[in-house]
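Trainee:
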């Protein structure tokens with residue numbers, strides 16, 4: 018009650034301060050805006066894949082967002098309906114029609130105050146990030162209060178308190194946060210370059226039933242960062258530290274297995290017209306961070322809240338190329354922030370170390386390699402390893418080397434060439450080589466997959482908004498499901514209406530269950546077809562598709578969720594107003 022009262026007093030103070038800070042220069046208008054989104058699926062039987070539709074074949078996720086703005090005040094509410102059920106493999110807590118989030122906000126030139134649900138990110142997000150991604154079923158909004166104070170253009174301070182959203186409720190753990198960003202060079206009026214620094218604090222308070230715990234109820238985490246740029250060069254570095262806390266072991270906490278966590282991020286690059294280079298390095302150790310230490314178990318799905326990215330405090334995405342070709346997204350990497358010491362499988366890991374480098378070069382027009390319209394080339398390489406450490410199975414323990422590289426998780430080398438051959442036609446060619454250590458990444462079957470992928474994509478623009486695209490792909494894999502071929506055809510009839518058809522064909526597998534990553538019901542020598550279309554008018558868009566969903570990971574922005582194999586009709590409707 019005291020915390021709620023304190024937030025109310027802060028909010029009232031912001032209102033008074035704001036009213037004395039500015040005067041009205043024109044009549045204030047009431048603005049209403051929002052949006053609606055519906056994602057529905059009708060699941061059908063697929064005898065070839067031995068898939069039977071669920072008892073309720075029609076499932077739908079629906080979101081209605083309404084907002085009001087009056088001068089410096091804003092308020093909003095989001096209603097959500099998962100009826101008659103949520104789409105397959107969404108968090109089981111999304112099982113009704115209810116209010117998902119709401120907020121009230123006051124904003125002036127210096128103060129920004131929010132009460133209710135809000136989203137926030139400190140720095141790169143390695144300590145704190147709350148956001149919504151409906152395709153992944155993520156909405157870890159914080160319910161509480163947030164105050165952002167910007168006394169000058171070069172200073173920003175944020176303080177917050179709240180609890181994570183989980184389903185239509187909130188978590189038991191409490192979140193405290195403070196963040197500061199300071200632009201030093203602008204304050205000192207130093208020209209020609211830019212230097213800013215930042216500091217963050219995040220606290221997670223959760224009571225525990227452990228008798229005489231070797232860890233505190235309050236876990237403290239700190240981050241410091243530096244951002245520098247001069248001319249065409251830029252550099253960003255951030256270091257994060259999480260205090261001693263119980264490590265998750267066999268989906269529970271072990272009072273004798275208590276470790277700190279840390280994360281180091283380094284990003285630098287150089288860019289000028291026609292050339293660019295970007296380098297990322299990251300090391301994370303025991304950086305899984307949730308608002309509740311012990312994951313919630315769902316007996317009906319034999320899964321836990323971690324499987325649905327629920328109550329996630331921080332953001333640790335996979336720093337790899339986000340491919341737009343379908344076959345390159347079969348073996349996708351998930352960042353390894355957690356600790357795993359498994360006496361049954363012998364898998365041991367405490368985090369990850371690695372990074373990626375991007376190189377871009379544009380060959381000029383009217384040169385031998387550039388041709389009449391120029392040629393663009395992009396090279397990317399990413400590599401991720403387990404931390405080199407001395408691991409002990411009984412009792413569980415480990416000691417890492419800070420810059421030690423253990424066994425390799427994943428690597429991806431790719432090169433893309435984009436060339437425009439006329440004012441209407443262009444093509445894109447890609448070669449991709451991947452290494453995927455399934456045992457270390459997922460802790461499951463002892464399979465290492467090596468792939469080579471070639472892909473070519475062509476675009477042609479006709480008159481009056483008409484356009485066509487065709488993409489051809491092939492993957493050679495040395496194990497698991499072996500080879501794949503894929504084709505995609507898209508055609509825009511005009512600026513409003515488009516259609517597409519695609520197929521992914523898996524072939525070449527010789528029956529040997531020991532080399533499979535999963536044991537899904539999907540057959541081999543099988544087509545994963547999909548076709549549909551979309552219509553857009555103004556701010557309204559409706560899309561319909563029918564086809565087969567390959568079981569596996571679906572990823573967005575480096576964060577993934579698992580989807581089961583399915584076949585059916587999908588309908589998506591979006592509207593903003």
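Residue numbers (the numbering used here): 18 to 594.
Ideal placement from N, C-alpha and C gives every residue a C-beta, glycine not left out.
(1) List the DSSP bridge partners of residue 175.
(2) According to DSSP, is residue 346 part of a helix, a strand, or is it coil?
(3) Given that a residue counts as buried once 16 or more other Cβ atoms are within 10 Å of its Cβ, and exposed if not, what is residue 585?
(4) For the beta strand (DSSP E) containing residue 374, name the first residue and the last one.
(5) Specify, as a first and last residue, the run of the beta strand (DSSP E) that residue 282 falls within.
(6) Taking 8 Å as the cut-off, decide whether the C-beta atoms of residue 559 and residue 510 are in contact.
(7) Using the three-state DSSP reduction, which class does residue 329 fall into: helix, strand or coil?
(8) Note the first and the last residue of the continuous alpha helix (DSSP H) segment covering residue 417.
(9) Go ahead and label residue 33 buried or exposed: buried means 16 or more other beta carbons lie within 10 angstroms of its beta carbon, across all protein chains shown.
(10) How would you label residue 354, buried or exposed, when you count the other beta carbons within 10 angstroms and need 16 or more for buried?
(11) I want to know whether the stretch 119–131 touches the stretch 288–298 - three or more CB-CB distances under 8 Å.
(12) Does residue 201 come out as helix, strand or coil in the three-state DSSP assignment?
(13) Would the beta-carbon of residue 223 fall within 8 Å of that of residue 189?
(14) Going by DSSP in three states, residue 64 sits in which element: helix, strand or coil?
(15) In the DSSP assignment, what residue or residues form a beta bridge with residue 138?
(16) For the alpha helix (DSSP H) containing residue 459, list its first residue and its last residue.
(17) For residue 284 and residue 208, what's the separation of their Cα atoms in angstroms?
(18) Report the partner residues of residue 535 according to the DSSP bridge assignment.
(19) Express the C-alpha separation of residue 556 and residue 594 in angstroms, rounding to a whole number.
(20) Please state if the CB of residue 542 and the CB of residue 563 are separated by a distance shorter than 8 Å.
(21) Using the DSSP secondary-structure output, state which residues sit across from residue 231 in a beta bridge.
(22) Provide the residue span of the beta strand (DSSP E) that contains residue 566, from first to last.
(23) Please go through the same chain and pick out, in chain order, the residues whose beta-carbon is closer than 7 Å to the beta-carbon of residue 370, but skip the five residues on each side of it.
(24) Is the beta carbon of residue 144 less than 8 Å from the beta carbon of residue 331?
(25) Spatial neighbours of residue 432 within its chain, please: CB distance less than 6 Å, with the 5 preceding and 5 following residues excluded, ordered by chain position.
(26) Could you check what DSSP says for residue 157 in three-state terms: helix, strand or coil?
(27) Does the Cβ-Cβ distance between residue 286 and residue 275 come in under 8 Å?
(28) Based on Cα-Cα distance, which residue from 216, 200, 186 lies nearest to residue 140?
(29) Would you report the Cα separation of residue 161 and residue 249, rounded to the nearest angstrom?
(30) Would you list the one or two residues that DSSP bridges to residue 545?
(31) By Cβ distance, which residues of its chain are closer than 6 Å to residue 185, with the 5 residues on each side in sequence left out?
(32) Please state whether DSSP places residue 152 in a helix, a strand or coil.
(33) Which value, in whole angstroms, describes the spacing of the CA atoms of residue 15 and residue 582?
(34) My understanding is that residue 3 touches residue 82, with C-beta atoms under 8 Å, so please give their C-beta distance in whole angstroms.
(35) Using 8 Å as the threshold, is the C-beta distance between residue 517 and residue 550 below it?
(36) Based on the DSSP secondary-structure assignment, which residues constitute the bridge partners of residue 241?
Mentor: A quick look at the data gives this:
(1) According to the DSSP secondary-structure assignment, residue 175 is paired through a beta bridge with 165, 196.
(2) Residue state, collapsed to three classes: helix.
(3) buried
(4) First-last of the beta strand (DSSP E) with residue 374: 368–380.
(5) 269–289
(6) no
(7) strand
(8) Careful: residue 417 lies outside any alpha helix (DSSP H), inside the beta strand (DSSP E) at 414–437.
(9) Caution is warranted here: a pLDDT of 38 is assigned to residue 33, below 50, making its placement in the model unreliable, and the coordinate value is therefore given only provisionally. Its Cβ having fewer than 16 others within 10 Å, residue 33 is exposed.
(10) buried
(11) no
(12) helix
(13) yes
(14) helix
(15) 146
(16) 455–459
(17) 23 Å
(18) Partner(s): none; residue 535 has no beta bridge.
(19) 7 Å
(20) no
(21) Residue pairing for residue 231: DSSP places it in no beta bridge.
(22) 557–566
(23) 300, 402, 404, 422
(24) Result yes, Cβ atoms of residue 144 and residue 331 sit closer than 8 Å.
(25) 396, 448
(26) coil
(27) no
(28) 216
(29) Looking at the two C-alpha atoms, the distance is approximately 41 Å.
(30) In the DSSP assignment, residue 545 forms a beta bridge with 521.
(31) 115
(32) coil
(33) It is not possible to answer for residue 15, since the shown part of the chain is limited to 18 through 594.
(34) Any answer about residue 3 is impossible in this case: the structure gives the chain only from 18 up to 594.
(35) yes
(36) 216, 256
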